[in-house]
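Chain order of the listed sequences is A and B. Quick note: the first sequence uses the numbering used here, first residue 7, plus one each step. Quick note: the second sequence uses the numbering used here, first residue 7, plus one each step.
Protein chains: 2
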Amino acid sequence: MADIDSGSEQPVPRKRADARRNERALLDAAAAAFVTSGVDVPVRDIAVRAGVGVGTIYRHFPTRADLIVAVYRHQIEACAEAGPALLADSDTPHAALAQWIDLFVDFLVTKHGLAAALQSDDAAFQTLHAYFLDRLVPVCDQLLDAAVAADEIRPDMDAYGLLRGVGNLCIGAGSDPRYDPRRLVDLLVAGLRVR
Amino acid sequence: MADIDSGSEQPVPRKRADARRNERALLDAAAAAFVTSGVDVPVRDIAVRAGVGVGTIYRHFPTRADLIVAVYRHQIEACAEAGPALLADSDTPHAALAQWIDLFVDFLVTKHGLAAALQSDDAAFQTLHAYFLDRLVPVCDQLLDAAVAADEIRPDMDAYGLLRGVGNLCIGAGSDPRYDPRRLVDLLVAGLRVR
DNA sequence: CCAACATACGGAACGGCGTTCCGGATGCCA
DNA sequence: TGGCATCCGGAACGCCGTTCCGTATGTTGG
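Okay, here's the thing in structure tokens:
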């Protein structure tokens with residue numbers, strides 16, 4: 007808002023080489039640490055893996071949410087972009103919705119602790135919350151609207167509530183073989199159908 | 007299993023008066039603290055409320071789960087006992103199941119942080135996990151069996167998975183007016199119905 | 001090639017929290 | 001009332017997130 011860069015070259019003069027190197031190292035280290043210890047892995051562990059000090063983490067990623075978003079951004083984008091594609095390719099909007107939610111569930115259940123972090127009311131996770139919502143709620147809304155228009159599901163379900171519900175059901179996936187989030191999500195989506 | 011007390015008087019000689027007083031004070035303080043700050047309230051806060059040292063908490067309730075169970079035992083028992091009663095009084099087993107689950111949801115959504123604690127894989131919560139499961143899974147099983155026998159729901163849902171799913175859906179209740187666990191649970195239960 | 005400056009780094013330090021431990025106090029019973 | 005088993009308080013320890021600043025390093029103009 008302060009100044010519009012009317013030129014074309016980047017207004018930010020380019021970061022120092024070591025800074026870029028460290029940011030990359032941190033992303034790699036965090037991704038690896040998330041896999042082995044979940045997204046709640048202690049900050050110091052990530053720092054050790056990346057070979058940097060803890061201060062460097064906070065300089066690049068002020069909150070844990072920023073780091074998580076940076077690590078998973080590509081996958082979240084892919085999920086968001088898959089929505090319209092599925093809607094175009096599927097036989098019915100409800101089928102597209104079901105497939106898209108499956109995609110979302112597949113993403114969540116393979117990220118230890120992420121589903122729980124998504125629901126945390128800790129202020130440090132607000133960015134995470136916001137990013138997921140901004141990116142996925144509109145897509146889900148579009149799918150829901152199409153299914154409602156096709157008279158396949160009841161019209162009184164909003165995308166926000168559905169996504170939070172699905173996210174919640176994914177908490178603790180893999181902790182007990184008797185708990186299968188996919189099945190419950192399927193049941194939930196089945197419950198959406200008009201009778 | 008070691009020795010059966012064949013007599014009638016209590017084998018444990020009775021605790022000291024101050025110990026009983028403190029235990030009562032701790033239960034009251036914890037109940038109040040859970041209401042205002044959730045079940046994750048710092049141990050020291052409970053100690054201050056009860057007017058005791060932190061050591062006294064750990065002596066009476068070795069883990070946080072023990073304290074939570076002690077505080078809510080009555081309500082959990084009441085919920086468990088309501089199962090058979092509902093089954094006897096309701097028109098159909100499915101109605102009884104739905105009502106019973108409503109009871110469970112009502113309990114969970116009014117206990118800030120409890121649903122999340124129930125799913126935590128932290129070792130400190132194992133007792134909590136075990137108590138809920140021991141007490142409620144058989145009841146839920148009975149209701150499910152009856153509904154299956156009446157051909158009202160699909161037969162491939164186990165009580166453990168259902169209860170965990172319902173518990174998960176209750177996480178974060180009240181944090182956002184757009185998120186209504188009751189509605190999602192209803193949808194889930196609706197999804198159980200045979201078509 | 002070399003200063004001199006902006007930028008970035010490392011890790012010590014701080015506060016909050018759960019948990020343990022033990023010297024001292026206190027109820028209980030003979 | 002004396003003596004003992006029981007119980008209490010809170011200091012102390014370790015883990016963790018977060019902040020901060022003296023130091024190191026990349027960059028750039030001369």
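Glycine residues also receive a C-beta, built at the ideal position from the N, C-alpha and C atoms.
Residue i (DSSP reduced to helix, strand or coil)
{"i": "L26/B", "result": "Note that residue 26/B corresponds to Arg in the displayed sequence, not to Leu. In this structure, R26/B counts as helix in the three-state DSSP scheme."}
{"i": "V177/B", "result": "The question names Val, yet the displayed sequence has Ile at residue 177/B. Three-state DSSP puts I177/B in coil, outside helix and strand."}
{"i": "R199/A", "result": "strand"}
{"i": "S12/B", "result": "Its pLDDT being 41, under 50, S12/B is placed unreliably in this model, and the coordinates cannot settle the point."}
{"i": "A121/A", "result": "helix"}
{"i": "T42/B", "result": "helix"}
{"i": "R97/B", "result": "According to the sequence provided, residue 97/B is Asp. The question's Arg does not apply to it. Reduced to three states, the DSSP call for D97/B is coil."}
{"i": "P90/A", "result": "helix"}
{"i": "T116/A", "result": "coil"}
{"i": "D108/B", "result": "helix"}
{"i": "D128/A", "result": "coil"}
{"i": "R20/A", "result": "coil"}
{"i": "A36/A", "result": "helix"}
Close-in-space but distant-in-sequence residues of the same chain around residue i (CB under 7 Å, 5 per side omitted)
{"i": "A38/A", "result": "R55"}
{"i": "R160/A", "result": "L198, V200"}
{"i": "M163/B", "result": "L150, L198"}
{"i": "A88/B", "result": "W106, L109"}
{"i": "C146/B", "result": "A165, L168, L169"}
{"i": "A86/A", "result": "R141, L142, V145"}
{"i": "F113/B", "result": "Q81, C85"}
{"i": "T69/B", "result": "A130, T133"}
Close beta carbons around residue i, own chain, < 8 Å, minus the five adjacent residues each side
{"i": "R188/B", "result": "D108, V111, V115"}
{"i": "A156/A", "result": "T98, P99, H100"}
{"i": "Q125/A", "result": "R170, G173, N174, I177"}
{"i": "V60/B", "result": "V49, R50, A53"}
{"i": "D95/A", "result": "A102"}
{"i": "E158/A", "result": "T98, P99, H100, R199, V200"}
{"i": "Y204/B", "result": "Examination of residue 204/B is not possible in this model, given that chain B is present from 7 through 201 alone."}
Assumed close pair residue i, residue j - CB separation to whole angstroms, cut-off 8 Å
{"i": "P99/B", "j": "L142/B", "result": "About 17 Å; that fails the 8 Å criterion."}
{"i": "A121/B", "j": "I74/B", "result": "Incorrect: roughly 12 Å between the Cβ atoms, too far for contact."}
{"i": "V58/B", "j": "L32/B", "result": "7 Å"}
{"i": "L190/A", "j": "G171/B", "result": "4 Å"}
{"i": "G119/A", "j": "V45/A", "result": "4 Å"}
{"i": "N28/B", "j": "H80/B", "result": "About 20 Å separates the two Cβ atoms, so there is no contact after all."}
{"i": "L103/B", "j": "A179/B", "result": "That belief does not hold up - the Cβ atoms of L103/B and A179/B are roughly 21 Å apart, past 8 Å."}
{"i": "A36/A", "j": "V77/A", "result": "5 Å"}
{"i": "S43/B", "j": "D127/A", "result": "Not really, about 12 Å apart at Cβ, beyond 8 Å."}
{"i": "L194/B", "j": "L134/A", "result": "So it is not a contact: roughly 25 Å between Cβ atoms."}
Contacting residues, own chain, Cβ-Cβ under 6 Å from residue i (five flanking each side not counted)
{"i": "F131/B", "result": "A71, A123"}
{"i": "Y166/B", "result": "V143"}
{"i": "V47/A", "result": "A39"}
{"i": "Y137/B", "result": "V75"}
Closer than 6 Å: residue i CB and nearest the ligand GDP heavy atom
{"i": "A36/A", "result": "What this structure holds is no ligand at all, so the ligand GDP is not there to describe."}
Quick one, which residues of the segment 172-185 of chain B are near chain A if we go by CB-CB under 7 Å, in chain order?
Taking 7 Å as the Cβ-Cβ cut-off against chain A, the residues of the segment 172-185 of chain B that qualify are N174, L175, I177, G178, S181, R184, Y185.
Output needed in chain order: residues of the segment 18-44 of chain A with a Cβ under 7 Å from some Cβ in chain B.
Taking a C-beta cut-off of 7 Å against chain B, none of the residues of the segment 18-44 of chain A qualify.
Give me the subset of the segment 150-174 of chain B whose CB atoms are less than 7 Å from a CB atom of chain A, sorted by chain position.
Under the 7 Å Cβ criterion, the segment 150-174 of chain B contributes D164, Y166, G167, R170, G171, N174.
Just to confirm the assignment: which complete alpha helix (DSSP H) runs, minimum length 4, are found wholly within the segment 45-85 of chain A?
Whole alpha helix (DSSP H) segments, 4+ residues: 49-56, 60-66.
Between the segment 109-142 of chain B and chain A, which residues of the former have CB atoms less than 7 Å from a CB of the latter, in chain order?
Legend: CB atoms of the segment 109-142 of chain B lying less than 7 Å from CB atoms of chain A belong to residues Q125, D127.
Completely contained alpha helix (DSSP H) runs for the segment 143-194 of chain A, where each covers 4 or more residues
Correct list: 165-175.
In the segment 94-107 of chain A, which residues sit with their C-beta less than 7 Å from some C-beta in chain B, listed in chain order?
Listed by position, the residues of the segment 94-107 of chain A near chain B (Cβ gap below 7 Å) amount to none.
Cβ-based contacts, 9 Å cut-off: residues of the segment 65-92 of chain B near chain A:
Within the segment 65-92 of chain B, no residue qualifies.
Could you please tell me which residues of the segment 44-60 of chain B, in chain order, have their CB closer than 8 Å to any CB of chain A?
Answer set for the segment 44-60 of chain B: empty.
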